[in-house]
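The working numbering puts the first residue of the sequence shown at 2, with every later residue one more than the last.
Note that the Cβ used here is the ideal one computed from N, Cα and C, for glycine as well.
Reading through the structure tokens given below for one structure.
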Amino acid sequence: MRKITCFWVFICIQTLGFSASARRLIVLADSVNFQTISNLVYGNAPDHRNELDIYLPKKHGPKTPMVVFIHGGFWSKGGKHQLPKPLIDLLVGQKGYAMASINYRFVKAGANKYPTQMDDVSQALQFLSSKADSLGYKKKSFALIGASAGAHLALMYAYANDSQKMTKTVVDIVGPTDLSDSTIRGRQGIADATISYFLGNPDAKAEIAKTSSPIFNLSKKSGVPTVIFHGENDELVDVHQAKNLHAKLLQLGIKTELNIYPNETHEMKKSLADVFIKTATWLEKVYPNR
């Protein structure tokens with residue numbers, strides 16, 4: 002008889018990032034058998050910001066697809082440890098995907114403004130591709146999962162920076178898609194302050210506000226299949242950003258799916274189990290493990 006293990010996991014999303022908290026999530030999974038390779042160094046940044054972790058299923062090889070998680074946290078906090086364990090159990094333990102979770106440099110006073118984080122994502126993916134043959138997973142082929150600020154980076158990489166077309170799909174969880182949006186800029190709130198700090202420019206009409214926005218980089222040529230998860234009552238990234246991205250993807254004829262959660266805020270506390278299950282279903286359709 003197949004052994005079933007019940008994982009009681011305490012998970013929530015902090016503002017702009019996943020972290021442990023007192024929300025109980027029940028995940029049923031097969032006994033997990035996977036290898037963890039921790040703290041691989043992909044660049045020269047200090048403070049462990051150019052490190053990543055890799056999770057390999059028990060059976061893996063050159064056809065095993067790789068899923069990469071990019072954490073959130075205002076582009077200024079968080080880390081690779083925020084990859085939720087239930088998602089590892091589901092995608093690696095049950096579905097047989099390889100996974101990686103990356104650190105990137107934080108924006109801070111006088112340093113590491115955009116596109117520093119984008120450069121790190123690009124370097125991490127090049128590193129992962131270079132290790133594919135020796136570690137045993139598919140080369141130059143990725144699905145990207147991003148949470149909030151991490152979703153922004155995932156979308157920007159896919160739509161604007163992936164000249165080798167390595168990204169096969171993006172999972173966007175509460176990601177900001179338009180950094181010039183008047184609904185979050187000019188209010189003197191936390192979202193506006195964060196974006197101004199990140200870009201190094203407080204002007205919502207500045208050119209960088211558009212060139213750093215996924216929706217303005219999306220085109221028929223650059224787009225990839227994209228699934229979107231967003232809370233209807235998101236107080237930081239208004240839900241219309243998700244709806245607008247979805248509409249543009251549809252207009253361009255690019256495969257997309259929009260999942261809006263009524264009564265959910267940016268933290269998406271009550272809906273993570275559903276997000277994870279639908280993510281696995283989406284990957285099986287557009288980036289299957291076979």
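Around the beta carbon of residue 42, a 10 Å sphere encloses fewer than 16 other beta carbons of the protein chains shown; the residue is thus reported as exposed. Spatial neighbours of residue 36 in its own chain (CB-CB distance under 6 Å, excluding positions within 5 residues in sequence) are listed in chain order as 57. In the displayed model, residue 70 falls within a strand according to three-state DSSP.
For residue 108, no beta strand (DSSP E) run applies, since DSSP gives it neither H nor E.
Beyond the five residues adjoining it in sequence on each side, residue 229 comes within less than 6 Å, by CB distance, of 173, 243, 247, 259 in the same chain, given in chain order. Shown here, residue 231 sits in a strand according to DSSP, grouped into three states. By the criterion of a C-beta distance shorter than 6 Å, residue 102 is surrounded in its chain by 54, 70, 81, 84, once the five residues flanking it on both sides are discounted.
Within the same chain, 59 come within 6 Å of residue 34 by CB-CB distance, once the 5 residues on both sides are set aside. With a cut-off of 8 Å on Cβ pairs, the region 157-166 is in contact with the region 117-126, counting three or more such pairs. Around residue 202, the same chain offers 209 as residues with beta carbons nearer than 6 Å, after the five sequence neighbours per side are excluded. Contact between residue 250 and residue 224 holds, since their C-beta atoms are separated by about 6 Å, short of 8 Å.
In terms of Cβ geometry, residue 113 and residue 49 do not form a close pair [threshold 8 Å]. Following the DSSP letters along the chain, one finds residue 133 inside the alpha helix (DSSP H) bounded by residues 133-136. Where residue 239 is concerned, there is no enclosing alpha helix (DSSP H), because DSSP gives it neither an H nor an E. In the structure shown, residue 169 adopts extended strand secondary structure according to DSSP, grouped into three states. By the criterion of a C-beta distance shorter than 8 Å, residue 272 is surrounded in its chain by 230, 232, 262, 265, once the five residues flanking it on both sides are discounted.
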